[in-house]
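*Asks:* In the working numbering, the protein residues as written are 25 to 321. Glycine included, every Cβ here is placed at the ideal spot set by N, Cα and C.
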Ligand code: GLN
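1. Please work out which residues of its chain come closer than 7 Å, Cβ to Cβ, to residue 83, disregarding the five sequence neighbours upstream and downstream, and give them in chain order.
2. With DSSP run on the structure shown, which of helix, strand or coil describes residue 310?
3. So the alpha helix (DSSP H) residue 46 belongs to, where does it begin and stop?
4. Since residue 167 and residue 186 should fall inside the 8 Å C-beta cutoff, what is the C-beta to C-beta distance between them, to a whole number of angstroms?
5. Would you kindly report the start and end of the unbroken beta strand (DSSP E) that includes residue 120?
6. So is residue 90 buried or exposed if we call it buried at 16+ other beta carbons inside 10 Å?
7. Less than 7 Å between C-beta atoms, sequence neighbours within five positions excluded: which residues of the same chain meet that for residue 202?
8. When every heavy atom of the ligand GLN is checked, does at least one fall within less than 6 Å of the C-beta of residue 204?
9. Does the count of Cβ pairs from the segment 152-172 and the segment 92-99 closer than 8 Å reach three?
10. At what residue ranges does the segment 62-146 contain a whole run of the alpha helix (DSSP H), taking only runs of 4 or more?
11. Which residues in the same chain as residue 264 place their Cβ atom closer than 7 Å to its Cβ, once the five residues preceding and following it in sequence are excluded?
12. If I'm right that residue 221 touches residue 153 with Cβ under 8 Å, what's the distance once you round it to whole angstroms?
13. The beta strand (DSSP E) that contains residue 204, what's its start and end?
14. With DSSP as the reference, label residue 216 as helix, strand or coil.
15. When you measure from the CB of residue 131 to every non-hydrogen atom of the ligand GLN, does any distance come out below 6 Å?
16. Could you check which residue in 313, 306, 307 and 309 has the C-alpha nearest to that of residue 294?
17. Just to check, is the beta-carbon of residue 158 closer than 6 Å to a non-hydrogen atom of the ligand GLN?
18. Is it a yes or a no for the segment 57-65 touching the segment 104-116, going by three-plus beta-carbon pairs under 8 Å?
19. Is there contact between the segment 235-244 and the segment 129-143, where contact requires at least three CB pairs shorter than 8 Å?
20. Quick check on residue 41: buried or exposed, where buried means 16 or more other Cβ atoms within 10 Å of its Cβ?
21. Using beta-carbon positions only, say whether residue 282 and residue 310 come within less than 7 Å of one another.
22. Quick check: does the Cβ of residue 153 come within less than 6 Å of any heavy atom belonging to the ligand GLN?
23. Using DSSP bridges, identify the partner residues of residue 177.
24. Within a Cβ cutoff of 6 Å, which residues of the same chain sit near residue 113, ignoring the five residues on either side of it in sequence?
25. Whole angstroms are fine: how far does the CA of residue 162 sit from the CA of residue 67?
26. In the structure shown, what three-state DSSP assignment does residue 225 receive?
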């Protein structure tokens with residue numbers, strides 16, 4: 025791969041540095057906008073501050089790590105979030121690292137959907153497979169009276185999630201374990217269970233971009249049984265952890281809507297389940313009120 029450094033040696037104005045880096049990324053089939061995000065990071069400025077500084081010279085101290093990061097991203101696909109150490113979710117910054125899935129915009133839609141559809145503040149919420157803690161923390165902020173639990177199989181992920189909860193000033197009870205098991209073990213009953221579990225079939229690994237398959241943790245991406253394993257596990261345990269008329273919200277793969285909905289309906293014949301599409305018109309959420317027919321979600 026050609027180097028960016030040589031081309032930028034004599035450049036010093038920010039707009040020029042940015043333009044060259046964006047073109048370099050584009051030529052290497054990467055998202056050009058990454059240049060803006062990384063420059064913002066190394067300068068320690070907001071997006072609007074970046075635009076105010078366009079005519080300013082860029083110091084060596086910023087230029088060197090910036091160029092290195094651009095080249096590394098172009099070459100390996102390392103996600104911007106792993107370089108900067110944080111990701112934005114629902115308007116807030118969350119720490120991320122190689123032990124946690126990077127938040128996706130679809131999950132912001134899941135939060136929006138929950139806030140829109142739940143009529144009253146839930147009393148007990150549980151986020152299953154919390155990763156960075158985005159769902160648990162964002163819901164704790166949206167429903168300040170609720171008691172929030174979050175589980176994850178990975179202690180390393182829970183460390184990241186704990187840090188995020190603390191930084192954003194909420195109390196979340198983090199529990200280590202497989203899906204719903206930590207709740208079952210403690211006889212915790214929730215009136216809302218939310219999860220964005222791993223849902224990709226391992227056979228699909230080759231079709232994922234290097235940014236995803238080489239950097240997001242495998243156990244956050246892939247599940248057994250054509251990607252349905254996590255839903256199967258959770259649905260089997262739901263009767264032990266749900267209060268009457270409790271809500272379930274699952275983020276799903278876009279081809280899993282019908283199957284997950286019928287899995288839920290088979291386990292809870294009285295449930296009222298629905299599929300919701302994301303901004304791209306793809307099935308993305310399966311939700312249900314369990315044991316309470318007649319409600320529309
Ligand atoms: N719940 C976390 C998120 O939505 C992690 C999801 C996962 O690792 N599959 O980002």
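*Replies:* Concretely, from the data shown:
1. Spatial neighbours of residue 83 in its own chain (CB-CB distance under 7 Å, excluding positions within 5 residues in sequence) are not present.
2. Residue state, collapsed to three classes: strand.
3. That run of the alpha helix (DSSP H) goes 38-51.
4. Wrong, their Cβ atoms sit about 19 Å apart, outside the cutoff.
5. Unbroken run through residue 120: none, as it is neither H nor E.
6. Residue 90 comes out buried.
7. So the list reads 177, once near-sequence residues are dropped.
8. Because no heavy atom of the ligand GLN lies under 6 Å away, the Cβ of residue 204 does not count as near it: no.
9. Because the criterion of three Cβ pairs below 8 Å is not met, the segment 152-172 and the segment 92-99 do not touch.
10. List check, alpha helix (DSSP H) in window: 71-76, 84-100, 104-108 and 129-141.
11. Excluding residues up to 5 positions away in sequence, 208 lie with their Cβ nearer than 7 Å to the Cβ of residue 264 in the same chain.
12. That pair is a contact at about 5 Å.
13. Residue 204: not part of any beta strand (DSSP E); DSSP gives it neither H nor E.
14. Looking at residue 216 - three-state DSSP - the assignment turns out to be strand.
15. The beta carbon of residue 131 sits closer than 6 Å to at least one heavy atom of the ligand GLN.
16. The residue with the shortest Cα to Cα distance from residue 294 is 313.
17. For residue 158, the distance from the CB to the nearest heavy atom of the ligand GLN is below 6 Å.
18. Yes, since at least three Cβ pairs between the segment 57-65 and the segment 104-116 fall closer than 8 Å, the two stretches touch.
19. Flag = no, the segment 235-244 and the segment 129-143 do not touch.
20. Flag for residue 41 reads buried.
21. Not a contact, by the Cβ cut-off of 7 Å.
22. Checking every heavy atom of the ligand GLN against the Cβ of residue 153, one is found closer than 6 Å.
23. Residue 177 is not bridged to any residue.
24. Taken in chain order, the residues that qualify are 127 and 158.
25. Rounded to the nearest angstrom, the two C-alpha atoms are 28 Å apart.
26. The answer is strand: DSSP assigns residue 225 an E or B state.
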